[in-house]
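Q: Numbering-wise, my numbering puts 62 at position 68 of the sequence shown, and it's gapless, one number per residue.
By construction, the Cβ of each residue, glycine as well, lies at the ideal position given by its N, Cα and C atoms.
Could you have a look at this structure, given as structure tokens, before my questions?
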Amino acid sequence: MRRRHPRSTPPARRPPTSGLRIIGGTFKGRRLLAPRGLETRPLPDRVKQALFDWLGQRMDGLLVVDCCAGSGAFTFEALSRGARRVEAIEPGPHAVPVLRANAAKLGAPPNLVLHPLPFRAVLPRLHAVDLLFADPPFAWYADDPGQVAELLRLGARCLAPAGRLVIRGERGGDLPEMPAGLVEGERRVYGRSWLALLQRSGADTATEETSGPLR
-5 MRRRHPRSTP PARRPPTSGL RIIGGTFKGR RLLAPRGLET RPLPDRVKQA
45 LFDWLGQRMD GLLVVDCCAG SGAFTFEALS RGARRVEAIE PGPHAVPVLR
95 ANAAKLGAPP NLVLHPLPFR AVLPRLHAVD LLFADPPFAW YADDPGQVAE
145 LLRLGARCLA PAGRLVIRGE RGGDLPEMPA GLVEGERRVY GRSWLALLQR
195 SGADTATEET SGPLR
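Okay, structure coming up:
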């Protein structure tokens, strides 16, 4: 008699964790959910703190874009710190439900706009952005640098004249050639990752302190 083998079933999706927290502003101390696994890499608290020490603790009145938002660690930090509006771009099927759940946990802020779409479908529609934070998959730098180049090109076009673009990468991965109209101002390393501050060429930053508020 042929032995019947039990039918295999796909592994259940693991529930999100709640290891993230907001470290400043109105929602300081509130916990956020994060998808399990390696598809997203939420900003560690240490890197978030260093980033806002660099850019300024407050985002009052700024139009902010969080590109490749993941669970929304940067999105909700910017909202907590007074951003006028945050446009969160995240197409990942595992991340989007967590992003929505985190928004619900914080009372569905009316100045948050979620885009469950690829960045190339959203960035061309945005204008006069004060701060664009991009945290693309680290694999793009080695395996698909064209994606990073397109993100920078579209990001540069939607910035306000004094707008800034901050992009995160991993040691060993580097930025492609800067698109027309965008220059790299500074780069800082935090453990295995780095953050690069980019701005529109011709922006007058000679009198600005790099640790001052981003206005």
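Span of the alpha helix (DSSP H) holding L169?
A: Mapped onto the sequence shown, residue 169 falls at position 175. L169 -> no alpha helix (DSSP H), and no H or E assigned at all.
Q: Give me the Cα-Cα distance between R94 and A82, rounded to the nearest whole angstrom.
A: Start at 1 with the first residue of the sequence shown, and residue 94 comes out as number 100. Start at 1 with the first residue of the sequence shown, and residue 82 comes out as number 88. Roughly 11 Å between the two C-alpha positions.
Q: Looking at the strands, I want to know which residues DSSP matches up with Y184.
A: Position 190 of the sequence shown, counted from the first residue, corresponds to residue 184. Paired residues: S187.
Q: When you compare the CB positions of P38 and L73, do they come within less than 9 Å of one another, or not?
A: Walking along the sequence shown from the start, residue 38 turns up at place 44. Walking along the sequence shown from the start, residue 73 turns up at place 79. No; because the gap between Cβ atoms is not below 9 Å, this pair is not in contact.
Q: Excluding the 5 residues flanking D124 on each side, which residues of the same chain have their C-beta closer than 7 Å to its C-beta?
A: Residue 124 sits at position 130 when you count from the first residue of the sequence shown. Around D124: L56, L57, V58, A154 and G157.
Q: Measuring CA to CA, which of R182, G19, C62 and P85 is closest to F132?
A: Here residue 132 refers to the residue found at position 138 of the sequence shown. Selected option, being the one with the closest Cα: C62.
Q: My guess is that L26 and F68 are in contact by the Cβ rule of under 8 Å, so how many angstroms apart are they, rounded?
A: For this step, residue 26 is matched to residue 32 along the sequence shown. For this step, residue 68 is matched to residue 74 along the sequence shown. Their Cβ separation, rounded to whole angstroms, is 11 Å, which puts L26 and F68 out of contact at 8 Å.
Q: Tell me which residue opens and which closes the beta strand (DSSP E) that A82 is part of.
A: For the purposes of this step, residue 82 is taken as residue 88 along the sequence shown, with counting starting at 1. R79 to I83 is the span of the beta strand (DSSP E), which, as asked, contains A82.
Q: Is the separation between the beta-carbon of C152 and that of L117 shorter than 9 Å?
A: Here residue 152 refers to the residue found at position 158 when the sequence shown is read from its first residue. Here residue 117 refers to the residue found at position 123 when the sequence shown is read from its first residue. Yes, Cβ-Cβ distance for C152 and L117 is below 9 Å.
Q: Tell whether a beta-carbon distance below 9 Å holds between L111 and A128.
A: The residue labelled residue 111 in the question sits at position 117 within the sequence shown. The residue labelled residue 128 in the question sits at position 134 within the sequence shown. In this structure, A128 does not lie closer than 9 Å to L111 by Cβ.
Q: Helix, strand or coil: how does DSSP classify Q193 here?
A: By one-based count along the sequence shown, residue 193 stands at place 199. Three-state result, Q193: strand.
Q: For P91, report the span of its alpha helix (DSSP H) as first-last.
A: For this step, residue 91 is matched to residue 97 along the sequence shown. P91 -> alpha helix (DSSP H) spans A89 to K99.
Q: From the DSSP output, in three-state form, read off P155 for me.
A: As a position in the sequence shown, residue 155 is number 161, starting the count at 1. Reduced to three states, the DSSP call for P155 is strand.
Q: Between the alpha carbons of D138 and P29, how many angstroms are there, rounded?
A: Within the sequence shown, residue 138 is the residue found at index 144, counting from 1. Within the sequence shown, residue 29 is the residue found at index 35, counting from 1. If I take the Cα positions, the gap works out to 23 Å.
Q: Report the three-state DSSP secondary structure of L32 (helix, strand or coil).
A: Position 38 of the sequence shown, counted from the first residue, corresponds to residue 32. Low local confidence applies: a pLDDT of 48 at L32 is under 50, so the model's placement there is unreliable, and no value is given.
Q: Would DSSP call G175 helix, strand or coil?
A: Locating residue 175 in the sequence shown gives position 181, where the first residue counts as 1. Coil, per DSSP.
Q: Going by the DSSP bridge assignment, what does H109 pair with across the sheet?
A: Here the question's residue 109 lines up with position 115 in the sequence shown. Looking at the DSSP assignment, H109 forms a beta bridge with I83.
Q: Quick one: what's got a C-beta closer than 6 Å to L173's C-beta in the same chain, skipping five residues either side?
A: In the sequence shown, the residue the question calls residue 173 occupies position 179. Per the sequence presented here, residue 173 reads as Pro, with Leu not at that position. L146, R147 and A150.
Q: Which residue wins for smallest C-alpha separation from G76, given the options V142, K22, R40 and E84?
A: Taking the first residue of the sequence shown as 1, we reach residue 76 at position 82. Among V142, K22, R40 and E84, the Cα nearest to that of G76 belongs to K22.
Q: Quick one: give me the first and last residue of the alpha helix (DSSP H) that L73 is part of.
A: Within the sequence shown, the letter at position 79 stands for residue 73. First-last of the alpha helix (DSSP H) with L73: A67 to S74.
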